[in-house]
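Numbering (our numbering), first residue to last: 116 to 237.
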């Protein structure tokens, strides 16, 4: 599987980098390069790495995320992970890096649309 990355800027100046697919030894450099490209063009207050559509990440991918975090930090920019897939969340948790990226909760498909159902007898 390949990796595609979409970068967008919100009205408040937050840059979102949204990879889709697998981040592994063959594609990890693309994440690092996406962060570097944002920092080359501007100094946003925050970069959000939206990991919702990442289906797999290996140790090289995690390393690329850490390198992106460090590059952003040196530039005075905060890099956070948002909406990590359950797989990404688990990998960040196991490696002890979840807190480094803002301790995001895992993304559950459809959870935002699901109406809250009251418990019987409440």
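In this text, a Cβ means the ideal position worked out from N, Cα and C, and glycines have one as well.
What you are looking at is a predicted structure, and each value in this text was computed from that prediction instead of being measured.
Quick check on the DSSP output: the alpha helix (DSSP H) that includes residue i runs from which residue to which?
i: residue 223; result: Per DSSP, residue 223 belongs to no alpha helix (DSSP H) and is neither H nor E.
i: residue 145; result: 143 to 156
Here's the rule: buried if 16 or more other CB atoms are within 10 angstroms of the residue's CB, otherwise exposed. What is residue i?
i: residue 198; result: buried
i: residue 192; result: buried
i: residue 233; result: Note that residue 233 scores a pLDDT of 46, beneath 50, so its modelled location is shaky; the value from the coordinates is reported in the next line. By the 10 Å Cβ count, residue 233 comes out exposed.
i: residue 185; result: exposed
i: residue 200; result: buried
i: residue 159; result: buried
i: residue 130; result: buried
i: residue 229; result: Because the pLDDT of residue 229 is 40, which lies under 50, any placement of that residue in the model is unreliable, and the number read from its coordinates should be weighed accordingly. Result: exposed.
i: residue 153; result: buried
Identify the continuous beta strand (DSSP E) that holds residue i and give its terminal residues.
i: residue 171; result: 168 to 172
i: residue 118; result: 118 to 124
i: residue 130; result: 130 to 138
i: residue 196; result: 193 to 197
Quick one: grab the DSSP three-state call for residue i.
i: residue 237; result: Note that residue 237 has pLDDT 44, beneath the 50 cutoff, so the model's placement of it is unreliable and the number below is only indicative. Coil.
i: residue 176; result: helix
Of the residues the options, which one's Cα is nearest the Cα of residue i?
i: residue 169; options: 215, 218, 123 and 133; result: 133
i: residue 243; options: 150, 127, 175 and 140; result: Since the displayed the chain opens at 116 and closes at 237, residue 243 lies outside it and no answer follows.
Worksheet entry | Contact between the segment 141 to 155 and the segment 172 to 190 (3+ Cβ pairs under 8 Å) | yes
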